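Undergrad: Each residue of the sequence shown is one higher than the one before, counting from 24 in our numbering. For every residue, glycine included, the Cβ atom is placed at its ideal position computed from N, Cα and C. These figures come from a predicted structure and were not determined experimentally.
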Amino acid sequence: MAVGHRLRGEEALLRPVGVVRGHRRLLLVSPAATDPACRGSAHSCPRCGRSYQAPRRNRAITSRKLAQRVLYSARRPPRRRFQRRTLGAQALAVDQTLRCRECGVDFIWTEGEQQFFSSKGLTNPPSRCPSCRAARKAAGMGGGGYGGGGGGRSGGPRQMYEVTCAGCGGIARVPFQPRGDKPVYCSDCFRTSAR
């Protein structure tokens with residue numbers, strides 16, 4: 024019995040080859056699979072011209088419905104993978120005039136900058152003008168996200184506290200205010216106790 028052209032762009036045949044647990048066992052045989060030179064290569068159907076991949080070997084199928092499903096899945100187009108969202112083509116067409124959120128001055132977001140933003144996967148336009156962005160970067164604020172943000176500490180010297188070391192009894196300088204309920208060590212005693 025021929026299943027063939029309606030399900031796939033080739034003449035595939037289902038031949039009965041025996042009985043398996045009460046089911047008639049069928050063998051899916053394609054003409055391209057019988058020729059060793061054709062196995063696994065792409066062919067086109069002589070009737071409709073559609074291309075298909077020749078199977079590498081014949082497969083044993085236990086039911087006609089399963090055989091039809093196998094033949095149908097062979098001609099189905101592959102699923103599309105998720106694509107990264109970028110700025111639309113209409114947003115990238117021309118230069119845009121934007122208003123800075125810090126100084127309130129209008130600035131031009133050029134087409135080249137828009138292409139750079141879309142290549143990095145950024146979907147929102149900049150909210151600050153180039154001069155405010157440069158000033159913010161120089162001040163050490165960063166651009167947000169994980170890498171930026173100064174942590175709220177100014178660049179001045181750190182305040183150090185003098186305490187007595189619990190290990191050697193010497194004076195230790197530490198950058199925190201000791202509470203008194205836990206022992207505080209100098210850097211040498213702390214290194215030796217950590218080992």
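Excluding five sequence neighbours on each side, which residues of the same chain lie with their C-beta closer than 7 Å to the C-beta of residue 126?
TA: 152, 155
Undergrad: To the nearest angstrom, how far is the alpha carbon of residue 128 from that of residue 148?
TA: 15 Å
Undergrad: Where residue 208 and residue 180 are concerned, what is the direct C-alpha to C-alpha distance, given to the nearest angstrom?
TA: 22 Å
Undergrad: Look at the alpha carbon of residue 135 and the alpha carbon of residue 186, and state the distance between them as a whole number of angstroms.
TA: 58 Å
Undergrad: Are residue 142 and residue 124 touching if we call contact CB-CB under 9 Å?
TA: no
Undergrad: Under three-state DSSP, which class holds residue 161?
TA: If DSSP states are grouped into helix, strand and coil, residue 161 belongs with the helices.
Undergrad: State the Cα-Cα distance for the pair residue 197 and residue 216, rounded to the nearest angstrom.
TA: Rounded to whole angstroms, residue 197 to residue 216 spans 17 Å at the Cα level.
Undergrad: Which residue's Cα is closest to the Cα of residue 130: 120, 137, 158?
TA: 120
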